[in-house]
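For the sequence shown, the numbering used here assigns the number 3 to the initial residue and increments by one for each residue that follows.
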Amino acid sequence: GGLPRRADPARHIVTDPATLADRCDVVIDVSSPEATCTHAEAFAKAGCAWVIGTTGFDAAQEAAITQAAQTIPVLKAANFAPGLTLLLDLARQLGAKLPADEYDAEILETHHRQKRDAPSGTALAIGERFAEGRNVALANVTEIDRSGLRGEGAIGFASLRAGQIVGEHSLILTSGTEQITLSHRAFDRRVFAQGAVKAARWLAGKPAGLYTMTEIFEA
């Protein structure tokens, strides 16, 4: 929803998760891992659908979200841009088709200087989908802050932080004879807001479960 043109914004600010959940059919949560997980119980109790754009969760926090999804519909995404969502599927396909002993995989991401996490949640999501295609666990092949030679079959991550860059991600696959690059560049943060609203509208009324942006495009 939105605010009337002459509305007093202070009257529409809610700081208590339980109160917020009682007033909403769907909540879009883009905060911090700690804050997001404190919302889980309140949203599940109220039966409020939950769109999560927060990244950087640890294993225990991921488990809390999965637990909430047994009670309410939860859509979790590292990036709400439509083009990036489709790039994730292409990454999985390339992982399945291009063998690790022939193609080296590197993921490069660039963001504004204020971004806290590195690699970005989106870069890790690309790595997850690519590793899924190769039928390996990303944690077993990840190389971050590399020093020295790359490992056999590694998926490398590099992060740049400068200025006010909205977000750029590239999956670079290189063999001895060719290079393939999948890239996505966001010019305006509105693309994330529009995608999040689309996700919220799609999620409303869905049964309990853990959903992804990919399912919106498959509907």
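Yeah, the Cβ is synthetic: ideal placement off N, Cα and C, and Gly gets one too.
Since the structure is predicted, the reported quantities are computational estimates derived from the model, not experimental observations.
| query | result |
| --- | --- |
| Which residue marks the beginning of the alpha helix (DSSP H) containing glutamate 36, and which one marks its end? | 35-48 |
| Taking 8 Å as the threshold, find out whether the stretch 61-78 comes into contact with the stretch 86-96 through three or more Cβ pairs. | no |
| Alpha carbons only, please: which of Cys50, Gly178, Ala160, Ser34 is nearest the one belonging to proline 209? | Cys50 |
| Please confirm whether isoleucine 15 and alanine 202 have their CB atoms less than 9 Å apart. | no |
| To the nearest whole angstrom, what separates the beta carbons of leucine 114 and glutamine 196, a pair I think is in contact under 8 Å? | With the sequence shown as reference, residue 114 is identified as histidine, and leucine is not the correct amino acid for it. Histidine 114 to glutamine 196, Cβ: 19 Å. No contact. |
| In terms of residue numbering, what span does the beta strand (DSSP E) encompassing leucine 151 cover? | Taken as a continuous stretch (DSSP letters only), leucine 151 belongs to no beta strand (DSSP E), as it is neither H nor E. |
| Given a cut-off of 9 Å on the beta-carbon distance, is the pair threonine 216 and threonine 87 in contact? | yes |
| Whole angstroms is fine: what's the gap from arginine 192's alpha carbon to cysteine 26's? | 22 Å |
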